[in-house]
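Residue numbers (our numbering), protein chains in the order written: chain A, 4 to 277; chain B, 13 to 266. In this text, a Cβ means the ideal position worked out from N, Cα and C, and glycines have one as well. Predicted model, so just to flag it, every value in this text is computed and none were measured.
Set out below in structure tokens:
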């Protein structure tokens, strides 16, 4: 069954059942159950807080650092867990794909949706931390639903593309861990975009060619805008700049459309490689 | 006037690419050609044409690697043809393996919902049939246990019970009839007979000549991806048995 939009809509029950099954399966694998989805981001936040602030003595301009890091860490975890699992999903479910006609696009989409549910649980920790550290939570919170939707679209687009290539090129799954780690350090997770702007715009890197262009190029990374957006909403209590909204929406649409078309192109071809 | 055509296959060809070179060595990277993969084609099916009319039960027979499963995948629209056309008029239900979509961490009951969703049944539709499925599977109180504790027979019985809840127009079965113990096999064949009575066309893959002779109106004989015979079940199966006996005799003489 071809993974087009009408088939996906017709099989929305399957998408829902698979997502619920994935979440149930995850919670039943652990003793803490769904509580682990709250504990997990808390532990990660404590580790980064301890290392960056406690050990290296950095991040004073981003105080309170727990809120600052959670704003980036939660969407980044959604992204990495989704793309890494999507790269393997078609190979790991090959017996199923060769037995039952169904739009296989539901497999990576299920991973993205289950990861998004984990993200929403983690957001409870983020809100709790923001309240505990007395962040100015006000009208800026209205940005959150749009940011979350755009995050879902961006992660979905990436995951669809990676799912195809993961099935065709087995080596990709081995490299993805390294690629996402590079992405983590190139994105403003541990630091803010202001640091990048200061570094390159002020010319502190000396004769680095086209250094004034680097902050602009840097902001083409959709995660740079997403992290900035969450921080504007929950850390600073401000609105994200309109041009960054426009850029993020454009990138999200291009990524989803590109990922979708790529998946459709490889959809039936991939089966022969499994 | 004959019944309407439900399955129309014209000059069907499906190939797989054989991956010969799987590793890129340092030498080949330096000298060149390491990343280029020689990929000869293996035609799993080629030049296969036949039509199936409403009311027919079609058996597919042939030795291992003949292309029977590939034909089922093409009829189920899991594989798309590389050559020719496959037209199937009606809703297809495929039983190529039982319980393929099961999640081992979930209970039997939760897996019924999941497996039914794969087969195209809605949650409401499956809830109406839940008691019947559980009773047919004979799993009793195990139904609420994670299926990682099930034996392979229990999983197959559950898979069959969900699949048997379907009401398909076109039913494609690939070697899934030997499920469970003798009593369950008898029960499952009876249930299948009911499904067959309600279906417009049934396609059965089996190595058991007598089974196909008992059930099928027509047979299709495949060898090495090509059509060796198609027609009335008795005639095709007789030709297949004769050819098999010739091969056996030749092997015995060699």
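Taking 8 Å as the threshold, the shortest C-beta distance from residue 162/B to chain A does not fall below it.
Judged by DSSP in its simplified three-state form, residue 29/B adopts strand. Our two residues, residue 68/A and residue 141/A, have alpha carbons roughly 20 Å apart in a direct line. DSSP places residue 136/A outside both helix and strand once states are collapsed to three, so it counts as coil.
For residue 67/A, the secondary structure class from DSSP, reduced to helix, strand or coil, is coil. Judged by DSSP secondary structure, residue 68/B falls outside any alpha helix (DSSP H); it is assigned neither H nor E. Within the model, the alpha-carbon separation for residue 50/A versus residue 215/A is close to 34 Å. For the alpha helix (DSSP H) assignment, the uninterrupted runs of no fewer than 4 residues enclosed by the stretch 208 to 260 of chain A are, from N- to C-terminal side, 217 to 221 and 225 to 234. With fewer than 16 other Cβ atoms inside 10 Å of its own Cβ, residue 181/A counts as exposed.
Residues of the stretch 8 to 37 of chain A with a C-beta atom less than 9 Å from some C-beta of chain B are 13, 14, 16, 17, 18, 19, 20, 21, 23, 24, 25, 27, 28, 29, 31 and 32, listed in chain order.
Under the Cβ criterion of 8 Å, residue 275/A is counted among the residues facing chain B. Spatial neighbours of residue 164/A in its own chain (CB-CB distance under 6 Å, excluding positions within 5 residues in sequence) are listed in chain order as 262 and 265. The Cβ of residue 99/A sits closer than 8 Å to at least one Cβ of chain B.
When C-alpha distances from residue 196/B are compared across 185/B, 173/B and 216/B, the shortest belongs to 173/B. Distance from the Cα of residue 30/A is smallest, within the candidate group 80/B, 118/B, 30/B and 86/B, for 118/B. Unbroken alpha helix (DSSP H) stretches of 4 residues or longer found wholly inside the stretch 95 to 179 of chain A: 97 to 100, 109 to 135 and 147 to 171, given in chain order. Here residue 92/A has 110, 111, 114 and 166 as same chain residues with Cβ atoms under 7 Å from its own Cβ, once five neighbours each way along the sequence are excluded. Residues of the stretch 55 to 66 of chain B whose Cβ lies closer than 8 Å to any Cβ of chain A: none. Residue 89/B sits in coil when the DSSP states are folded into three classes, being neither helix nor strand. Beta-bridge pairing by DSSP links residue 158/B to 119/B. Around the C-beta of residue 65/A, 16 or more other C-beta atoms lie within 10 Å, and the residue is accordingly described as buried. Taking a cut-off of 8 Å for Cβ pairs, the stretch 34 to 43 of chain A and the stretch 96 to 105 of chain A do not touch, as fewer than three such pairs fall below it.
In this structure, 105/A is the residue among 77/A, 74/A and 105/A with its C-alpha nearest to the C-alpha of residue 18/A. Here the alpha carbons of residue 268/A and residue 223/A stand approximately 26 Å from one another.
Boundaries of the alpha helix (DSSP H) around residue 9/A: 8 to 13. In this structure, the alpha-carbon of residue 176/A lies about 14 Å from that of residue 161/A. Looking only at 94/A, 168/A and 228/A, the smallest Cα-Cα distance to residue 245/A is reached by 228/A.
Taking the beta carbon of residue 105/A as reference, the chain B residues within 7 Å of it are 130, listed in sequence order.
In this structure, the beta-carbon distance from residue 111/B to residue 167/B falls below 8 Å.
Around the beta carbon of residue 105/B, 16 or more other beta carbons lie within 10 angstroms, which makes this residue buried. At a cut-off of 3 residues, the continuous stretches assigned as beta strand (DSSP E) that sit fully inside the stretch 167 to 209 of chain B are 182 to 186. Within the stretch 66 to 94 of chain A, no residue places its CB atom closer than 7 Å to a CB of chain B.
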